[in-house]
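Counted from 1, the sequence shown has number 112 at position 67 by my numbering; the numbering is strictly sequential. Glycine included, every Cβ here is placed at the ideal spot set by N, Cα and C. All figures in this text were calculated on a predicted structure; none of them were measured in a lab.
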Amino acid sequence: MLRRSLIRHTLSLLFPILLAPAIASAQLKVVATTEDLGSLAREIGGDKVSVTALAKGYQDPHFVDPKPSFILAVSRADLLIVVGRELEIGWLSPLLNSSRNSKVQPGSSGYLDASATVKILEIPTGQITRAMGDVHPLGNPHYWLDPGNGRRMAQSIRDKLSELSPNDKAMFAQRYTDFDQRLAAAEKRWDATMAPYKGTKIVTYHRSWPNFMERFGLEVMGYVEPKPGIPPSPAHTIELIAEMKRQGAKLVVVEPYFDLKTPQAITNQLGGKVLVLAPSVGGTKEATDYIKLFDYDIGLLSGTLKQLTGK
């Protein structure tokens, strides 16, 4: 009896240890190309997913170094979520090729292009040439900066996770519903905050913000870059200052990975302000998830516009 009791006691101690690998293996391994996609995957997947995001929120997602650790992560992934619209064109293909993971190749069940169901702006028409700068032929890929698109992206992630792990479908659905309700409440708050500034004209450094500005009723009247991806020239800067004076624009919005020298020179001529906004989750320490990204940007933007407009 004593021996059996000792065996049972030993097994009771070992059982959680023996079970741990099985529990861990039950998690879907998700790799997201950006922190925004990673945040939404965590929102929907909860403890049923293990999420690795490749590009950090303070990095330019067009230019990411494909680290060996990225190859390892993709090689082990059950699901790869991409921004698409050729945002990752310069760095994702080598990772996919090197990973040798057939589950997450384009067209496979473990590959999700988050752009498939969202609203895409600035889809070019006619012939595209290099003289036009770094134009995206499939439209502007910064679509996640519209919370309505965030909702659509979350729906796509919910559906894909449910496909890959059907036993957890109800949980994914409930987590999506919770996220959707919190996002809807946040949108009401953001809309009320931004309502006084509808129609305000601003300048952005790069074409990262069309979805955001359209959603909140701001008008982008110019860019620090003369063409996408082309550094500002003195001649373009002079023309931009003159046009900003003519239209009464005083705010230049800049991403954290661009040099502030030219934007500061522009606003110094106008008595305006340069505002560095976070273009992605993780772009600043306050933007720890998708909803907090907008909380941060809208709080900073509305405060600056209040100073400039007196509203």
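Can you name the residues that DSSP bridges to residue i?
i           : result
residue 158 : 127
residue 267 : 248
residue 97  : 76
residue 296 : 318
Please classify residue i: does DSSP put it in a helix, a strand, or coil?
i           : result
residue 147 : helix
residue 350 : helix
residue 119 : helix
residue 322 : coil
residue 302 : coil
residue 185 : coil
residue 228 : helix
residue 50  : Unreliable positioning characterises residue 50 in this predicted model, as indicated by a pLDDT of 45, which lies under 50. The coordinate reading is nonetheless provided below. Residue 50 falls in the helix class under three-state DSSP.
residue 137 : helix
residue 132 : coil
residue 107 : coil
residue 166 : coil
residue 356 : coil
residue 308 : helix
residue 2   : It is not possible to answer for residue 2, since the shown part of the chain is limited to 46 through 356.
residue 238 : helix
residue 277 : coil
Output the distance between the C-alpha atoms of residue i and residue j, rounded to the nearest integer angstrom.
i           : j           : result
residue 314 : residue 283 : 10 Å
residue 344 : residue 350 : 10 Å
residue 116 : residue 277 : 35 Å
residue 242 : residue 135 : 37 Å
residue 381 : residue 266 : Only positions 46 to 356 of the chain appear in this structure, which leaves residue 381 out of reach.
residue 250 : residue 320 : 10 Å
residue 84  : residue 244 : 31 Å
residue 330 : residue 286 : 32 Å
residue 72  : residue 173 : 43 Å
residue 110 : residue 139 : 11 Å
residue 159 : residue 127 : 6 Å
residue 280 : residue 262 : 30 Å
residue 237 : residue 324 : 21 Å
residue 69  : residue 129 : Legend: pLDDT at residue 69 = 40, less than 50; position of this residue unreliable, value from coordinates given subsequently. Spanning the two alpha carbons is a distance of roughly 29 Å.
Compare the Cα-Cα distances from residue i to each of the options and report the closest residue.
i           : options            : result
residue 119 : 271, 146, 281      : 146
residue 207 : 234, 155, 236      : 155
residue 338 : 95, 76, 80, 74     : 80
residue 274 : 190, 253, 124      : 253
residue 379 : 125, 77, 200       : The displayed coordinates of the chain run from 46 to 356. Any statement about residue 379 would go beyond what the structure contains.
residue 289 : 311, 234, 205      : 311
residue 204 : 157, 194, 325      : 157
residue 246 : 133, 74, 317       : 317
residue 125 : 137, 114, 131      : 137
residue 94  : 200, 106, 213, 296 : 213
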